[in-house]
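Quick notes on the structure that follows.
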Amino acid sequence: MEKVVESTPTVISNAIDVTEGLTGLAKNTDVAKNALGAVGAVGEAVKPFVPLISAVTLVISEIIVIYENAQYNKRICNSLMDRVGAAEQAIKSLQRRKAENEKHFRNAEYYKNFVRFVDVLKRIKGFIKDVSELQGYKKFFHANSIKDKFDSLVKEFETVMGDLHFTMAVADEEQRRVDHEALEQDIADMKRFLEQIKGGIVDNTNTLNTVLQEVLIMKGQIEHISDISKVNLPNSDSIKAVELNPDDLLDPGVKSDTDRRGSQPNYIYKKVYKYNEVACKAIIIPNDDSVKAQRVQAQLAILGKLRDSPNILKFFGLSNLDGNRVMVNEWAEMGTLREVYEKYDIAWTAKVHIATDICRGITFLHSCSILHHDVRCENILMTRNLEPKITNFEYSRYNASTTTNMSTITEVVHWMAPEKLRQSKDVKPVPYTFKCEIFSFGMTLWELAFEKIPYEHWDMSQIKDHVVAGKREKISFGDVPPDIQQIQQELKSIIISANIFQKPLSSPALLPPKTLDLDGSMKKAPISISDEGGLELPDLGDEFNIDEIEPVMPLEEGIAAHKKKDHKTAWECFEAHSDLGNTTAKYWMGYYLWEGWLDGKKDRKKASELFKEAADDGISDAQLRYAFSLVNNPPIKFDRAIFLGYLNKAADNNNPTAQFNLGDMYLNGKLKMEKDRKKGIKYLRLAALNNQPKAIEILNKEKINIYIDGQEE
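Under UniProt numbering, the first residue of the sequence shown carries the number 1, and numbering increases by one thereafter.
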């Protein structure tokens, strides 16, 4: 019991500690314009820096959004946000000053350092995004991997900040101590989380379930369907829910008054399907090739994949019953959790198990980037063994009415987050976020603990005023034995944590005075940013030659040049960024050297070295190419373990070619791989969902539907 109790706050604490983050940053375009206006008086010297200033501002704003929605490893994210705050302050200083020392703005090395500055911030953004969500964290399942990446980014950031004379004047040892503690605690928490979360999220080797990745791919592809002729899905006509033979839907062996529930036209009938008790619920799906029909079928196909979570109501497929189309779901004997607590008192020990399993189900949905939007006991079904099954979220709401059965605002207001309650019709709607969901989860735990609806008998305006003011439902328990008191206190701490509405904080970028070495005077000769004496430019001599700074073409433009077959321009761009340490550029240089795109010259040994450097920085295409650069490349000795290691990394990074090759190897036992049909089909399915033609061909040959599980045997 203690372990179960412990797991609940562990899971939730990783989720609810999402602060409002950095605030007060103006829109990036405005900042760029203001920066240009502030420093424009120094003349032409600053012009090459304006796009870089804009790029830094944009990246910082993107990092803030990612940080505000972080779900995991918040301490690690906080350590990096300290650096991001320093970067933001460095850029803002350009607005507050009238002029920069032109010697540095005319210095080509200073310009290159600024380009490096942009690149490092982009990589910090990518790292924060990866470690803050499960799908990204799988890249760093080994503790040393995440630590090495963190240390590398911090070192590069602090080096380039120093080169730009924006050095953070903090005690190195103190900062290292804070960073070390953040890494150790977050890595330990994630290890414990993955060991305890269960719920279909990880397998017995603590590896993320590939179904999560399949759902993410499908979800991303179908959410933007607007023209059925342009659906970017392999075998798009087959992305449908499983069709069940009506003859397989049998009447229960023992009749019961509860075999039919609900009211006309939404009766739910109990049947037996292949030894499983199921619920048949009427559904209306357009029977045509319309976009709506395609979208509904695709969403039901996704719903079928969520069956891997034991805490989400299992969807078996579609069928026909008494002339009606029906959804066939898992049968929940006890009805909704609300019906259970209205009929019985639920023991405190059982409440802990129920709360933990609800959390596991919600975490599974979040791992698939699915938000429930309506978490409450009414939407939790209970089996006869008191196992909670989450239902009535986006992919499971279809019924016999012409529209989805969305709860009215008056019904859900009791569980609604403050930010949603505060929104006005006259302003842009507040998006429903992960934080809103956690708030509702906290109110659901309160509902479960006290077995009644929060703010019962209150009207909407009362609830809104109360919650927006920062007030919450009372938490007051009756007399119970000491062991039950411990359980109550655990639930109380989770409810309180989940239901804290964190008001916008002052930006961490507003640091104590003298934290930043803004002008370099703390360590180096200062960059003079004079607030007096006018804006006169010094006489231009050989030392101040504007033409010495040649703006570096953005990497994206270099890639565009490659696509236009302007290989010379592309190479020059890749080489310039590679010299500044950009690993994406190094990958492209390796690609050019491998294929001989520039003047037909090939250097596959050097190409392999560049691929490895980019691969070790997490670039999936580089991981794939490095793996295959070891094959039939005479300068390099083939190493099977290294080859498979990088191929697996590329597949885990959603590279379809790597997924296909791994699937083919497992399916057919290639490269002395032990045959594993189930694993092979899983990889082939991922590749096929990514439109890998050879994977689609193999699955079609094996008569395996890309979208339906359970055909691996």
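Cβ coordinates follow ideal geometry from the N, Cα and C atoms, glycine included.
Query, Result
"Exposed unless 16 or more other CB atoms sit within 10 angstroms - verdict on Asn78", "buried"
"Pick from Ile358, Glu339 and Pro554 that is closest to Ser54, judged by C-alpha positions", "Pro554"
"Classification of Lys343 by the beta-carbon crowding that lies within 10 angstroms, buried from 16 upward", "exposed"
"CA-to-CA distance, Ser497 to Lys198, given in whole angstroms", "23 Å"
"Length of the line joining the Cα atoms of Lys564 and Lys464", "57 Å"
"DSSP-derived helix/strand/coil call for Ile283", "coil"
"Cβ pair Leu593, Lys586 closer than 8 Å", "no"
"Stretch pair the segment 184-203 + the segment 292-304: three plus CB contacts closer than 8 Å", "no"
"Among Arg192, Val120, Val211 and Tyr269, nearest to Lys679 - alpha-carbon criterion", "Val211"
"Best match in Gly596, Gln71, His466 and Ile370 for proximity to Arg422 [C-alpha to C-alpha]", "His466"
"Environment of Pro635 [buried if 16+ CB atoms lie within 10 Å]", "exposed"
"Asn690 and Asn668 closer than 8 Å at C-beta", "no"
"Gly590 and Ala614 closer than 8 Å at C-beta", "yes"
"Identity of the residue in Asp357, Gly85 and Ile354 nearest Ile64 by Cα", "Gly85"
"The beta strand (DSSP E) enclosing Ile380, as first and last residue numbers", "Ile380 to Met382"
"Neighbour-count burial assignment, Arg177, 16 or more Cβ in a 10 Å radius", "exposed"
"Cβ pair Pro265, Ala282 closer than 8 Å", "yes"
"Glu186 burial status per 10 Å Cβ neighbour count (16 or more: buried)", "Note on residue identity: the sequence assigns Asp, not Glu, to residue 186. Looking at its Cβ environment, which holds 16 or more other Cβ atoms inside 10 Å, Asp186 is buried."
"First and last residue of the uninterrupted beta strand (DSSP E) at Arg325", "Asn324 to Glu330"
"Phe450 - DSSP class collapsed to helix/strand/coil", "helix"
"Whether residue 715 touches Asn499 by CB criterion (8 Å)", "With the chain covering only 1 through 713, there is no way to say anything about residue 715."
"Beta-carbon contacts of Pro429 that lie in its chain and below 8 Å, excluding the five residues immediately before and after", "Gln423"
"Cβ-Cβ distance between Asn329 and Asp357 below 8 Å", "no"
"For Ile268: DSSP bridge partner residues", "Arg261 and Lys281"
"Three or more C-beta pairs below 8 Å linking the segment 324-338 and the segment 362-373", "no"
"Residue from Ser145, Ile549 and Ile217 with nearest C-alpha to Glu184", "Ser145"
"Nearest candidate by alpha-carbon position, reference Gly442, set Ala293, Tyr432 and Met416", "Met416"
"CB contact flag (Ala182, Ile285, <8 Å)", "no"
"Close-in-space but distant-in-sequence residues of the same chain around Leu153 (CB under 8 Å, 5 per side omitted)", "Leu80, Val120, Arg123, Ile124 and Phe127"
"Proximity below 8 Å, CB of Val50 to CB of Val118", "no"
"Identified DSSP bridge partners for Pro388", "Met382"
"Pick from Glu572, Ile549, Ala347 and Val468 that is closest to Gln485, judged by C-alpha positions", "Ala347"
"Beta-carbon gap between Ala241 and Leu318 smaller than 8 Å", "yes"
"Sequence-distant residues of the same chain with beta carbon closer than 6 Å to His577, five excluded per side", "Leu555 and Ala585"
"DSSP-derived helix/strand/coil call for Asn320", "strand"
"Neighbourhood of Gln488 by C-beta distance below 6 Å, restricted to the same chain and skipping five residues each side", "Phe477"
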